[in-house]
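Just so we're aligned, residue 11 is where the sequence shown starts under this note's numbering, counting upward by one.
Here a beta-carbon is modelled for each residue, glycine too, at the ideal position from N, C-alpha and C.
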Amino acid sequence: MTGFVSSDPLDNLTNLYQRPIFIQANRLPTVNDILNPATTWQSSPLGPIYITQGAGIWDLISGASSGVDFLTGATGGAIAPVTNNITLAGTANQITTAGSTGTITFSVPSTFTSPGSLTATAGNITATAGNIVVSTAGDGLVLPVATGSGAASGAVTCNGRVGSVSFTSPSIAGGAVSTLTVTNSAITGSGTVVGYWVRGATTGAALNIQSVTNSAGSSAVVITNGTGATTQAGTITLDFVVLN
Numbered sequence: 011m012t013g014f015v016s017s018d019p020l021d022n023l024t025n026l027y028q029r030p031i032f033i034q035a036n037r038l039p040t041v042n043d044i045l046n047p048a049t050t051w052q053s054s055p056l057g058p059i060y061i062t063q064g065a066g067i068w069d070l071i072s073g074a075s076s077g078v079d080f081l082t083g084a085t086g087g088a089i090a091p092v093t094n095n096i097t098l099a100g101t102a103n104q105i106t107t108a109g110s111t112g113t114i115t116f117s118v119p120s121t122f123t124s125p126g127s128l129t130a131t132a133g134n135i136t137a138t139a140g141n142i143v144v145s146t147a148g149d150g151l152v153l154p155v156a157t158g159s160g161a162a163s164g165a166v167t168c169n170g171r172v173g174s175v176s177f178t179s180p181s182i183a184g185g186a187v188s189t190l191t192v193t194n195s196a197i198t199g200s201g202t203v204v205g206y207w208v209r210g211a212t213t214g215a216a217l218n219i220q221s222v223t224n225s226a227g228s229s230a231v232v233i234t235n236g237t238g239a240t241t242q243a244g245t246i247t248l249d250f251v252v253l254n
């Protein structure tokens, strides 16, 4: 005999030989149910089955009907190491999985509605045949912004797909032009599309971007000052987005 059956884990049965036992109760196990390792627990006659490692840690080994198709975290009363609810269930919003060597792929249907954000701590979130659409109720796309600054006489480094780079006091007379060079590893060649916006400048200067020439690792941005405008002598900032 390797154990015994209890319909109530609180019925004071004594396990003299510290054997694993089988328990059937009308509730899920919790972190307070500290029993011998390999003890199994079923929450009802047809309910899910859990096994313990000891120390109040319970792992789900069988679902309510066939296989593990619904997981509930510690806030639901089971699986102590999990701090939030985990659900892989339901149609219309069903998530399917497929396994291969070292990888599990989750497939989300087009009708799926997420209760919160979808977060990728590593890798990418890719919309292959659709778009990532942000509603007016959200904040739009929140992107990390790189920054860089330096003298206008040399290239200023600012690596990243979104950023702001400042050039200290380039002198541009009215009707004259000046080339500002941005070094950025996200720019891979002449075919990279980068959007630039210019801000700052001395009051009375009329600055515009005349042209942008990209090459591997950098952009040459030509700034013009309006004819008859005040000579530019203040710091110029270029905001940019690398689009591809």
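- If you look at Q242, you'll find it isn't in any beta strand (DSSP E); DSSP assigns it neither H nor E.
- Contact check for V192 against L153 fails: the beta carbons are separated by 8 Å or more.
- In this structure, the beta-carbon distance from V232 to T189 falls below 8 Å.
- Exclusion of the five residues before and after S159 leaves S176 as the residues of its chain whose Cβ lies within less than 6 Å of its Cβ.
- Taking a cut-off of 8 Å on C-beta distances, the segment 133-144 does not touch the segment 204-214, as fewer than three cross pairs fall below it.
- Taking C-beta atoms as the reference points, L217 and I246 count as a pair closer than 8 Å.
- When DSSP states are grouped into helix, strand and coil, V155 belongs to the coil group.
- Take N36, set aside five residues on each side of it, and the residues of its chain with a beta-carbon closer than 8 Å to its own are S53, S54, in chain order.
- Excluding residues up to 5 positions away in sequence, N224, V252, N254 lie with their Cβ nearer than 7 Å to the Cβ of T202 in the same chain.
- Per the C-alpha coordinates, the member of A230, T241, I33 positioned closest to S200 is A230.
- A distance below 8 Å separates the beta carbons of G173 and T157.
- Shortest Cα-Cα distance from Q220 to any of D43, I142, N235 involves N235.
- Under the three-state reduction of DSSP, L217 is assigned to strand.
- If you ignore the 5 residues before and after T62, its C-beta comes within less than 6 Å of the C-beta of L45, T49, W68, all in its own chain and listed in chain order.
- Here T212 is not near A161, since their CB atoms are 8 Å or more apart.
- Of the candidates A65, N42, Q34, V41, the residue whose Cα lies closest to the Cα of I59 is Q34.
- T234 has V187, N218 as its beta-bridge partners, per DSSP.
- Each residue's CA atom was taken as its position, placing R171 and F250 some 8 Å apart.
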